[in-house]
Each structure stands twice: as structure tokens, then as C-alpha cells.
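Contents: one structure, followed by commentary.
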Amino acid sequence: MSLPKLKLPDGKPPAALSTGLMIFMFLLYVINSVVNINDHIGLEPEALFRLDLNRISLYPLGHLSFVHLLMNAVSLYGPLTVFERSHGTVHTGVILNLLAVFTAIPYCLLGYVFFRDTMVIGSSGWCFSLFAYFSFKESTIRPQQHLFGNYSIPTRYVPVLILVLVTIFFPGSSFWGHVIGLCLGYVLASKEVYAGKLAPPSSWIQKLESKLDRAIALIPLGVTYYKEADANREESYSPLLGEESVLPLHSGPAANFQGEGRPLGV
1 MSLPKLKLPD GKPPAALSTG LMIFMFLLYV INSVVNINDH IGLEPEALFR
51 LDLNRISLYP LGHLSFVHLL MNAVSLYGPL TVFERSHGTV HTGVILNLLA
101 VFTAIPYCLL GYVFFRDTMV IGSSGWCFSL FAYFSFKEST IRPQQHLFGN
151 YSIPTRYVPV LILVLVTIFF PGSSFWGHVI GLCLGYVLAS KEVYAGKLAP
201 PSSWIQKLES KLDRAIALIP LGVTYYKEAD ANREESYSPL LGEESVLPLH
251 SGPAANFQGE GRPLGV
């Protein structure tokens with residue numbers, strides 16, 4: 001008997017990396033309750049100067065509490081899935097790692113001067129990067145985003161509003177980690193061609209994927225691995241909300257963005 005195939009609310013299958021990342025972060029949270037992994041991957045300002053690559057690149061995977069994990073997962077899964085569908089699974093993984101590292105570097109430089117004893121952890125830096133990425137792209141089609149009544153805000157700055165709200169309601173969250181992640185998202189959206197040059201050549205990825213075809217085919221439940229050959233990164237941006245649609249801010253995953261403690265992000 002074949003297993004049922006999963007479908008997301010938009011009728012499309014779950015994306016392999018996005019889904020796998022959510023599962024991995026949950027498992028890591030469970031394991032952390034037995035073995036304190038967070039102490040070994042949390043980002044500290046001195047990590048950059050010690051060249052502690054684990055902390056510099058893995059800090060988004062850990063979380064301080066189940067609520068912290070849940071809110072980051074809810075905020076991240078939607079935009080990451082959309083990004084993976086158009087950019088390919090491997091490329092998306094590379095971009096996530098680059099975002100983590102390029103967020104960590106300026107954070108460590110600032111932290112070494114202003115907050116040496118603060119450790120941050122969590123994936124909300126990724127959330128803010130993707131919020132900024134999609135708001136920038138969306139602003140080329142819909143310059144204004146209506147909130148309610150006659151109130152609207154430039155679409156490009158919706159993530160800035162989210163940042164302000166998160167900072168007000170969750171003052172223990174990492175403001176500077178969010179700001180850096182936000183800035184990197186805008187850079188990624190506006191200079192995506194240059195960002196792509198930091199990823200492995202497409203031909204290399206395709207060769208690797210061709211050798212892993214059988215393993216990829218074994219991914220269960222209809223979860224889809226988006227191959228490099230099918231990526232459409234060079235195509236024009238397709239609006240998330242439709243050409244003329246106006247939806248309230250709370251309809252997207254970003255409105256669920258919350259946090260506690262002093263994690264990077266939520």
C-alpha cells in the first residue's frame with residue numbers, strides 16, 4: 001500500500017529542505033533537553049575571533065524553548081518553501097548557510113565591543129532575511145501594502161514594522177541580529193545575481209544530483225526535492241499575493257513572529 005502524499009494549503013507538495021529543516025530543528029530541541037547542544041552552537045561575539053565555525057554557522061538551528069522553536073518554525077516555513085520552489089533545494093541550503101555566516105560576522109564585531117557576554121541562538125535571523133527578500137521583490141509590483149482602513153505602508157518596509165513590533169513586545173530578543181538579517185535580505189533581493197556567484201556552479205550541483213537520483217526518489221509522502229535543472233532563478237518575480245490583491249498584514253506568516261529570552265530572532 002502506497003503512502004499518502006502530503007499537500008500544503010496552496011495545493012502544492014512540501015519542499016524537501018524546508019520540511020526537513022523544521023523536523024531537524026525539532027529533533028535538535030528534543031535532544032538538547034538531554035545533551036546541552038545549545039551551549040556548543042550558540043553564537044558568542046568571541047566565536048569569530050576563535051574561528052569557531054560551529055557557532056558561526058549552526059546557531060540558527062538551536063532554540064531556547066518550545067515556544068521559541070514553534071514561532072520561528074511558523075514564521076520561517078512559508079517563505080522558505082516559496083524560495084526553495086523557485087531556487088532549488090541545494091541552492092536554498094547554500095543561501096541559508098551564507099545568510100547565517102554573514103549575519104554572524106557583523107554581529108560578532110558589534111558584540112565584541114558592546115555586548116561580549118551575550119549569546120544568541122535561533123532562526124529568526126533567517127525569518128527577517130526572507131521577509132525582507134520577499135517584501136523587496138513584492139514592492140516592485142505592489143509599492144504599497146494596505147493594512148486596514150485607509151492605512152498603508154510601503155511594501156518594502158513591512159519587515160521594518162515587524163522588527164519594531166517584535167522589539168517592543170519582546171525586548172529580550174536580539175535586536176541587532178534581526179537588523180543584520182533584515183539588511184542581508186534586502187541585499188539578497190537587490191543583488192541576487194552577485195549572491196548567486198557565492199554558491200557552487202549550477203553544473204556541479206546538477207552532476208551531484210544526477211548521482212543521487214535514486215536517493216532523491218526515495219523521499220516519502222510526496223515531499224518534493226527541487227532540482228537545480230528545474231530552478232527558475234533567472235525568471236521574473238511572480239507576486240505572492242496576485243497582481244491586484246490587497247490582503248491584511250496578519251494574513252502572512254510574518255504576523256505570527258514572536259519570541260522570548262535573548263535568542264537570535266524570536
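In this text, residue positions in the sequence shown follow UniProt numbering: the first is 1, and each later residue adds one.
From the three backbone atoms N, C-alpha and C, an ideal C-beta is built for every residue, glycine too.
{"Item": "DSSP state of Thr155 mapped onto helix, strand, coil", "Value": "helix"}
{"Item": "Trp126 classed as buried or exposed, judged by whether at least 16 other C-beta atoms fall within 10 angstroms", "Value": "buried"}
{"Item": "Range of the contiguous alpha helix (DSSP H) that encloses His91", "Value": "89 to 114"}
{"Item": "Close-in-space but distant-in-sequence residues of the same chain around Ala73 (CB under 6 Å, 5 per side omitted)", "Value": "Met22"}
{"Item": "Sequence-distant residues of its chain with Cβ nearer than 7 Å to Phe83 (five each side left out)", "Value": "Thr92, Leu130"}
{"Item": "Between the CA atoms of Phe66 and His146 - distance to the nearest angstrom", "Value": "33 Å"}
{"Item": "Residue from Ser18, Ala229, Leu98, Ile121 with nearest C-alpha to Gly62", "Value": "Ile121"}
{"Item": "Residues sharing a beta bridge with Val120, DSSP", "Value": "Leu43"}
{"Item": "Rounded separation between Tyr107 and Val193 - CA only", "Value": "25 Å"}
{"Item": "Candidates Leu64, Leu109, Asp10, of which the one nearest Met25 by Cα", "Value": "Leu64"}
{"Item": "Pairwise C-alpha distance: Ile37 and Leu218", "Value": "30 Å"}
{"Item": "Ala15, DSSP secondary structure in three states", "Value": "strand"}
{"Item": "Environment of Pro159 [buried if 16+ CB atoms lie within 10 Å]", "Value": "buried"}
{"Item": "Where the alpha helix (DSSP H) through Leu58 begins and ends", "Value": "53 to 58"}
{"Item": "Rounded separation between Ser190 and Arg156 - CA only", "Value": "12 Å"}
{"Item": "First and last residue of the uninterrupted alpha helix (DSSP H) at His146", "Value": "Looking at the DSSP string, His146 is not in any alpha helix (DSSP H); the run it does join, the beta strand (DSSP E), is 144 to 148."}
{"Item": "Presumed contact (8 Å Cβ cut-off) between Gly185 and Pro13, rounded CB distance", "Value": "About 26 Å separates the two Cβ atoms, so there is no contact after all."}
{"Item": "Closest residue to Cys183 among Arg142, Glu228, Thr103 (Cα-Cα distance)", "Value": "Thr103"}
{"Item": "Backbone CA spacing between Asn150 and Pro143 [nearest angstrom]", "Value": "15 Å"}
{"Item": "Backbone secondary structure at Thr140 - three-state DSSP", "Value": "coil"}
{"Item": "Sub-8 Å separation of Leu80 and Ser33 beta-carbons", "Value": "no"}
{"Item": "In DSSP terms, what Thr224 is bridged to", "Value": "Ala15"}
{"Item": "CB-CB length for Leu48 against Ile41, believed under 8 Å", "Value": "Not confirmed; about 14 Å, so no contact."}
{"Item": "Coil, strand or helix - Phe169 by DSSP", "Value": "helix"}
{"Item": "Separation of Pro9 from Glu244, as counted between CA atoms", "Value": "With a pLDDT of only 46 at Glu244, under the threshold of 50, the placement of this residue in the model should not be trusted, and no figure is reported."}
{"Item": "Contacts around Ala100, its chain only, beta-carbon distance under 6 Å, and the 5 residues preceding and following it disregarded", "Value": "Ser57, Pro60"}
{"Item": "Burial state of Pro45 (16 or more Cβ within 10 Å)", "Value": "buried"}
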